[in-house]
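Q:
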Amino acid sequence: LSEITGQKVYILPHPTNVERLRTKVNKEKKQYIAVVWRRYDRFAHIPFLSAKDLGIQTVLIGYDRKQDPNWHLTESLYDHVVYHTNYDNYLKILSEALIVYNPYTLHSYDRLAVDVAAMGVVSVGSDRTWAMKMCYPDTICDPFDVRTTKEILKKVLSDKDFYDKVSNYAYDKVEYFNQENAKLRLLNSILDMKEGFSENSENVKGVIEYAASFGGSSSRSPEGRTKQVRRSEKDERLSVEEATKRMELRKGKTVKEVNGI
Numbered sequence: 001l002s003e004i005t006g007q008k009v010y011i012l013p014h015p016t017n018v019e020r021l022r023t024k025v026n027k028e029k030k031q032y033i034a035v036v037w038r039r040y041d042r043f044a045h046i047p048f049l050s051a052k053d054l055g056i057q058t059v060l061i062g063y064d065r066k067q068d069p070n071w072h073l074t075e076s077l078y079d080h081v082v083y084h085t086n087y088d089n090y091l092k093i094l095s096e097a098l099i100v101y102n103p104y105t106l107h108s109y110d111r112l113a114v115d116v117a118a119m120g121v122v123s124v125g126s127d128r129t130w131a132m133k134m135c136y137p138d139t140i141c142d143p144f145d146v147r148t149t150k151e152i153l154k155k156v157l158s159d160k161d162f163y164d165k166v167s168n169y170a171y172d173k174v175e176y177f178n179q180e181n182a183k184l185r186l187l188n189s190i191l192d193m194k195e196g197f198s199e200n201s202e203n204v205k206g207v208i209e210y211a212a213s214f215g216g217s218s219s220r221s222p223e224g225r226t227k228q229v230r231r232s233e234k235d236e237r238l239s240v241e242e243a244t245k246r247m248e249l250r251k252g253k254t255v256k257e258v259n260g261i
């Protein structure tokens, strides 16, 4: 879109209720790897090769037999298969998993990675999604690389310190996707679009200010992963609070309602 329009493109993933997901944290893990199936790529056979023979059971979650012409083969590979279910049950299965294996083959924001990170679940998976890169930089690789994936899974299973490190890192970094930060990104993107970005604005064609790692950046530093919202003391833009108030007024609320009077 940036190349076609010559304009900056903002990537704003939908907000996540991280606070609610925190209430789903489960310290009592069960001995299984949850392998997530998606209807978009229907990727299940190669992930099975990565997850098998590790001494714990495999559970294929989110499976839809109707969309898989090879369902008889797919279902025979895993110890357990969980079909589509409600969100709370889905979270329960993920939260109890010793590891969630997320082998998505497409380039995506990746809501699954955000969900499991918010619950402190250790995840191994694809290096093609934004959330996995941000929350699980040490446990990702090409989803078709069976050998490397298995090596990562073995390390997570055998190294308790590494396991805890992965869990704690993801639990911390997932705040990037919470509702408040999502609101700030949206408001600042609107202001930036209307008034221009103050720093090096003449050289920012195509820059994605709030998602520097999306699209393959190998940097793992906080600066490399995301450029935080900048607001100079001399910047005369609307404050976030004022912008929020104006948007609420546009929805038809009175000034007293917006100000909490």
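All residue numbers for the sequence shown refer to the UniProt record's numbering, where the first residue is 1 and numbers rise by one. Every residue, glycine too, gets a C-beta built ideally from N, C-alpha and C.
1. Taking DSSP as the reference, what is the three-state secondary structure of residue 84?
2. Can you tell me whether DSSP reads residue 27 as helix, strand or coil?
3. What number of angstroms, rounded off, separates the C-alpha of residue 77 from the C-alpha of residue 101?
4. Between the C-alpha atoms of residue 131 and residue 94, what's the straight-line distance to the nearest angstrom?
5. Note down the Cα distance separating residue 189 from residue 49, rounded to an integer number of angstroms.
6. Identify whether residue 207 lies in helix, strand or coil by the three-state DSSP scheme.
7. So is residue 106 buried or exposed if we call it buried at 16+ other beta carbons inside 10 Å?
8. When we look at the beta-carbon of residue 2 and count the other beta-carbons within 10 Å, is it buried (16 or more) or exposed?
9. To the nearest angstrom, report how far apart residue 169 and residue 156 are at their CA atoms.
10. Hey, would you say residue 282 sits closer than 8 Å to residue 113, going by beta carbons?
11. Using the Cα positions of residue 120 and residue 17, report the straight-line distance between them to the nearest angstrom.
12. Could you tell me the distance, in whole angstroms, from the CA atom of residue 59 to the CA atom of residue 86?
13. Name the residue from 13, 166, 45 and 51 whose alpha carbon lies nearest to the alpha carbon of residue 151.
14. Around the Cβ of residue 69, are there at least 16 other Cβ atoms within 10 angstroms (buried) or fewer (exposed)?
15. So, for residue 123: in the same chain, excluding its five sequence neighbours on each side, which residues have a beta-carbon less than 6 Å away from its beta-carbon?
16. Round the Cβ separation of residue 57 and residue 32 to the nearest angstrom and send it over; I've been treating them as touching at under 8 Å.
17. Would you grab the beta carbon distance between residue 173 and residue 134 for me? Rounded to a whole angstrom, and I think it's under 8 Å.
18. For residue 34, which of helix, strand or coil comes out of DSSP?
A: From the atom records:
1. Locating residue 84 in the sequence shown gives position 84, where the first residue counts as 1. Coil, per DSSP.
2. Numbered from 1 along the sequence shown, position 27 holds the residue referred to as residue 27. Correct three-state label for residue 27: coil.
3. Against the sequence shown, residue 77 aligns to sequence position 77. Against the sequence shown, residue 101 aligns to sequence position 101. Roughly 15 Å separates the two Cα atoms.
4. By 1-based counting over the sequence shown, the position of residue 131 is 131. By 1-based counting over the sequence shown, the position of residue 94 is 94. Computed Cα separation, rounded: 16 Å.
5. Taking the sequence shown and counting its residues from 1, one reaches residue 189 at position 189. Taking the sequence shown and counting its residues from 1, one reaches residue 49 at position 49. Whole-angstrom Cα-Cα distance: 43 Å.
6. For this step, residue 207 is matched to residue 207 along the sequence shown. Low local confidence applies: a pLDDT of 35 at residue 207 is under 50, so the model's placement there is unreliable, with the coordinate-based value given in what follows. If DSSP states are grouped into helix, strand and coil, residue 207 belongs with coil.
7. The residue given as residue 106 occupies position 106 in the sequence shown. It is exposed - the Cβ of residue 106 has fewer than 16 other Cβ atoms within 10 Å.
8. Along the sequence shown, one-based indexing puts residue 2 at 2. Result: exposed.
9. Within the sequence shown, numbered from 1, the residue matching residue 169 stands at position 169. Within the sequence shown, numbered from 1, the residue matching residue 156 stands at position 156. About 14 Å.
10. Because the chain is modelled from 1 through 261, residue 282 falls outside the range shown and cannot be assessed.
11. Within the sequence shown, the letter at position 120 stands for residue 120. Within the sequence shown, the letter at position 17 stands for residue 17. Going by the C-alpha atoms only, they are around 14 Å apart.
12. As a first step, residue 59 must be located in the sequence shown, where it is residue number 59. As a first step, residue 86 must be located in the sequence shown, where it is residue number 86. Their backbone Cα atoms lie some 17 Å apart in a straight line.
13. On the sequence shown, residue 151 is found 151 positions in, with the first residue counted as 1. Answer by Cα proximity: 51.
14. For the purposes of this step, residue 69 is taken as residue 69 along the sequence shown, with counting starting at 1. Residue 69 comes out exposed.
15. In the sequence shown, counting from the first residue as 1, residue 123 sits at position 123. The answer, listed in chain order, is 100, 102, 116 and 136.
16. Walking along the sequence shown from the start, residue 57 turns up at place 57. Walking along the sequence shown from the start, residue 32 turns up at place 32. Contact flag correct, Cβ pair sits at about 4 Å.
17. Here the question's residue 173 lines up with position 173 in the sequence shown. Here the question's residue 134 lines up with position 134 in the sequence shown. Confirmed, about 6 Å.
18. Counting from 1 along the sequence shown, the entry for residue 34 is found at position 34. Note: residue 34 maps to strand in three-state DSSP.
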